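In our numbering, the protein residues as written are 383 to 480. Backbone N, C-alpha and C fix where the C-beta goes; we use that ideal spot for every residue, glycine too. Quick caveat: nothing in here was measured; it's all calculated off a predicted structure. Worksheet: the structure to be examined is printed underneath.
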């Protein structure tokens, strides 16, 4: 087992697990993401308390793109703190802060 944590969530546990196993929900739940990323070629790997997410950009005018040879060596990844990105607006952190 790579990691384990326990939480009480007022939701169907199967829906929560499915969010980490596939991206079928991405179209209706995250339309901007689905417009930019090929969700059928999207995956992530767990690493302790963080994940590394992989995907291929869709070639479109609305997608965020970095042209090859431009951008002064900008890496092609985006780092987002999972605990902040997935936190509900009313959820408190471990210290009790919103």
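Nonlocal neighbours in the same chain, by C-beta distance under 8 Å from residue 397, ignoring five residues either side = Residue numbering aside, residue 397 sits at position 15 when the chain shown is read from its first letter. Same-chain partners within the cutoff: there are none.
Terminal residues of the continuous beta strand (DSSP E) containing residue 435?
-> Within the chain shown, numbered from 1, the residue matching residue 435 stands at position 53. 432-436 is the span of the beta strand (DSSP E), which, as asked, contains residue 435.
In angstroms, rounded to a whole number, what distance separates the CA positions of residue 414 and residue 433?
-> Residue mapping note: residue 414 aligns to position 32 of the chain shown, counting from 1. Residue mapping note: residue 433 aligns to position 51 of the chain shown, counting from 1. Roughly 20 Å between the two C-alpha positions.
Check whether the Cβ atoms of residue 419 and residue 439 sit closer than 8 Å, and answer yes or no.
-> Walking along the chain shown from the start, residue 419 turns up at place 37. Walking along the chain shown from the start, residue 439 turns up at place 57. Yes. Within cutoff.
Anticipated Cβ contact below 8 Å, residue 393 with residue 428, distance rounded = Within the chain shown, numbered from 1, the residue matching residue 393 stands at position 11. Within the chain shown, numbered from 1, the residue matching residue 428 stands at position 46. That belief does not hold up - the Cβ atoms of residue 393 and residue 428 are roughly 20 Å apart, past 8 Å.
Go ahead and pull the three-state DSSP assignment for residue 385.
-> Locating residue 385 in the chain shown gives position 3, counting from the first residue. Three-state DSSP puts residue 385 in coil, outside helix and strand.
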